[in-house]
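Take a look at the structure set out below.
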Amino acid sequence: MTTVVLFRDDLRVTDHPALHEAVSHGEPVVCLYVLDEESPGIRPLGGAAKWWLHHSLTSLAADLAALGTPLTLRRGAAGEVVRDVVRETGADRVLWNRRYGGPERAVDAGLKDWAGENGVEAHSYAGNLMFEPWAITTQAGDPYRVFTPFWRACTSGPPPREPYPAPSSVVPAEPTPASDALKDWGLLPTAPDWSAGLARTWTVGERAAHDRLDDFLDERLPTYTQDRDVPAKPATSGLSPHLRWGEISPHTVWYRALSGAENPGKFLTELGWREYAWYNLYIHPDMATRPINPKFERFPWPPLDDDALAAWQRGRTGIPLVDAGMHELWETGTMQNRVRMVTASLLAKNLLIDWRLGEQWFWDTLVDADPASNPHNWQWVAGSGTDAAPYFRIFNPETQQKKFDPDFVYVDRWNGRQEGVESIVDLKASRAHALELFKTL
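Positions in the sequence shown are counted from 1; adding 76 to them yields my numbering.
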């Protein structure tokens, strides 16, 4: 019996439930990655994400080769590609780790239907979230609308399953199905190649993810709670892109943190916030394009100021903390979390530019932008999401600067103090105007 294992946003061999199950039978396995930008509703990747994906697939292919099997690459609508590979290899079984976005679930449901009609086994597993979204409900059976009771419900039930070990070897299918050449996919930027800063900042792949986790647990977790909001300090885990691409599983991070730290609670809550974002995407598949709170469908966005949007994107607002954050984003493909909230708040509430335009910019420039966390966090800041008291939270970047970067260490690092550049917006007046508009809802 030959098994096809689908790799998607789970580019690892450790704690990969579908791969673990396939290998446990001791029979041939086809390891398949499909770059699907053709199935209905699938969101095409942004530029920074494509850069990461190229290097992550390179790393995964090397890891699988060390286990004795190749990684097969195909491009196209996933349902059609998988059917082709099953026919080519005579596979009897298709396994994958579950996905939670609406279009992705539709693709996977279609695959299960086809498999059932054609005598092919098809099974999916919980590999990318610790808590399945449909399993976490209120006593009345409704979804949670606030994070704290959601996370309390998660952590008061059975704990996450423990991680599976990496296989010691994988039996390859014979003959091996034909594979695309990764370089032919054109994932890396070329004209111009703007990725030098990403390469300086990140080491991509499963081994790098585990190394980063080790370093965080040893060096930074003890001071995480007090330092996590200070943008000049390397206080956070830096695991978000590795989790986004599944180079490490949340289960692995969870148990390593529990076993290796005296008080990992705040850090584990951040893993919970990731779970909550995916929970909300499962409930609201159109979260990137429609407000979770339907009242915000009526928000009176003014006509778009293209110059203001461009100034925000390029770090030329004249507001040092915001501009530093946008420069950090362009250089590294990431941004410190508190600064993300400040930059997003300025766009959506002071500049009154539709949060969806900010979400799209982050989607293209963040290496860790995923279909859940990116829109979920933008909606939280914009006030249209799951925050219990959303509209009057407007981050003042000058106050945030004084509190979290008083000596301008972060700002100076990213060249945020630009002489002669005046702020493009009056923070006090724009805040008052935004509050008046929010009250109309």
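In this text, a Cβ means the ideal position worked out from N, Cα and C, and glycines have one as well.
* **The beta strand (DSSP E) enclosing H92, as first and last residue numbers** => Note, H92: premise wrong, no beta strand (DSSP E); not H, not E.
* To do: For W490, I'd like the list of residues in its chain whose CB is within less than 6 Å of its CB, leaving aside the five on either flank, ordered along the chain.
  => Excluding five sequence positions before and after W490, the CB atoms of its chain that fall closer than 6 Å to its own CB belong to A400, H403, E404, given in chain order.
* Coarse secondary structure for E498, derived from DSSP in three states -> In the structure shown, E498 sits in coil (DSSP, three-state: anything other than H, G, I, E or B).
* Asked: Near V157, what residues of its chain come up, given a Cβ to Cβ distance below 6 Å and the 5 sequence neighbours on each side ignored?
  -> Same-chain partners within the cutoff: V110, R150.
* Opposing strand residues paired with L171 [DSSP bridges] -> Answer is V81, H199.
* Asked: Which class does P248 belong to by DSSP, given the choice of helix, strand or coil?
  -> Judged by DSSP in its simplified three-state form, P248 adopts strand.
* **Beta-bridge partners of Y109, as assigned by DSSP** => The beta-bridge partner set that DSSP reports for Y109 consists of F83, L149.
* Compare the Cα-Cα distances from S421 to each of Q476, A153, D381 and report the closest residue. => Ranked by how close their Cα comes to the Cα of S421, the residues Q476, A153, D381 have Q476 in first place.
* Looking only at C-alpha atoms, which of N426, F471, H92, F484 sits nearest to P239? -> Of the listed residues, the one whose Cα sits closest to P239 is H92.
* Asked: Quick one: what's got a C-beta closer than 6 Å to D463's C-beta in the same chain, skipping five residues either side?
  -> So the qualifying residues of the chain are W456.
* Tell me, to the nearest whole angstrom, how far the beta carbon of L187 is from that of G144; I am working on the premise that it is less than 8 Å. => At roughly 26 Å, the Cβ-Cβ gap does not stay under 8 Å, so L187 and G144 are not in contact.
* Leaving aside the five residues before and after S313 along the sequence, list all residues of the same chain whose C-beta is less than 6 Å from its C-beta, in chain order. => The residues F292, in chain order, have a CB closer than 6 Å to that of S313 in the same chain once the five nearest residues on each side in sequence are set aside.
* **4 or more residues per run - each alpha helix (DSSP H) lying fully within the stretch 280–337** => Runs of the alpha helix (DSSP H) lying entirely within the stretch 280–337 and spanning at least 4 residues, in chain order: 282–291, 300–303, 316–320, 326–336.
* To do: Look up H101 in the DSSP assignment and say whether it is helix, strand or coil.
  => Per DSSP, reduced to three states, the secondary structure at H101 is coil, with no helix or strand assignment.
* To do: Return the CA-CA distance between L121 and E180, expressed in angstroms with no decimal places.
  => Cα to Cα, L121 sits roughly 14 Å from E180.
* **Whole-angstrom distance between W321 and L129, CA atom to CA atom** => Taking the straight line from one Cα to the other gives about 8 Å.
* Asked: T393 and S232: beta carbons closer than 8 Å?
  -> No, Cβ-Cβ distance for T393 and S232 is not below 8 Å.
* Asked: Do the stretch 222–237 and the stretch 359–378 meet, that is, are 3 or more Cβ pairs less than 8 Å apart?
  -> Judged by pairs of C-beta atoms under 8 Å, the stretch 222–237 does not touch the stretch 359–378, as fewer than three such pairs exist.
* Asked: Taking the alpha helix (DSSP H) that L511 falls in, what are its first and last residues?
  -> Where L511 is concerned, the enclosing alpha helix (DSSP H) stretches over 503–515.
* To do: Could you tell me the boundaries of the alpha helix (DSSP H) in which L143 lies?
  => Where L143 is concerned, the enclosing alpha helix (DSSP H) stretches over 123–143.
* Asked: Quick one: what's got a C-beta closer than 6 Å to P104's C-beta in the same chain, skipping five residues either side?
  -> If we look at P104 and ignore the five residues flanking it on each side, its Cβ neighbours are T78, V247, A249.
* Check the C-beta distance from F438 over to N450 and give it rounded, since I have them as a contact under 8 Å. => Contact between F438 and N450 holds: their C-beta atoms lie close to 6 Å from each other, under 8 Å.
* Asked: In chain order, what residues of the same chain lie with their CB nearer than 7 Å to the CB of L258, ignoring the 5 residues before and after it?
  -> Answer for L258: H130, L133, T134, L149, listed in chain order.
* Are the CB atoms of R350 and L289 nearer to each other than 8 Å? -> Against a cut-off of 8 Å, the Cβ pair of L289 and R350 comes out as no contact.
* For N23, does the count of other Cβ atoms within 10 angstroms reach 16, so buried, or fall short, so exposed? -> Limits of the chain in this structure are 77 at one end and 517 at the other, which puts residue 23 out of reach.
* **Minimum length 4: unbroken alpha helix (DSSP H) runs contained in the stretch 198–275** => Taking only runs of at least 4 residues, the alpha helix (DSSP H) segments lying wholly in the stretch 198–275 are 223–232.
* To do: Check whether the Cβ atoms of V89 and E323 lie closer than 8 Å to each other.
  => Cβ distance not < 8 Å, so V89 and E323 don't count as in contact.
* Taking L380 as part of the alpha helix (DSSP H), name the residues at either end of that continuous run. => Neither: L380 is in no alpha helix (DSSP H) and is coded neither H nor E.
* Asked: Does DSSP put Y358 in a helix, a strand or coil?
  -> The three-state reading of DSSP puts Y358 in helix, counting H, G and I together.
* Asked: In terms of alpha-carbon separation, which member of F484, R469, R366, V418 lies closest to D430?
  -> It is R366 whose Cα lies nearest to the Cα of D430.
* Taking the CB atoms as reference points, tell me whether V81 and A308 lie closer together than 8 Å. => The Cβ-Cβ distance between V81 and A308 does not fall below 8 Å.
* To do: Could you tell me whether the Cβ atoms of V222 and V196 are closer together than 8 Å?
  => Result no, Cβ atoms of V222 and V196 do not sit closer than 8 Å.
* D430 - DSSP class collapsed to helix/strand/coil -> Residue state, collapsed to three classes: coil.
* Asked: Whose C-beta lies closer than 8 Å to the C-beta of H509 among residues of the same chain, with five residues either side of it excluded?
  -> The beta carbon of H509 sits closer than 8 Å to the beta carbons of L428 from its chain, once the five residues preceding and following it are set aside; these are given in chain order.
* Asked: Mind pulling the beta strand (DSSP E) runs of 3 or more residues that sit fully within the stretch 367–452?
  -> Within the stretch 367–452, no complete beta strand (DSSP E) run reaches 3 residues.
* Asked: When you compare only the Cα positions, how much space is there between P447 and T441?
  -> When the Cα atoms are used, P447 and T441 turn out to be separated by approximately 14 Å.
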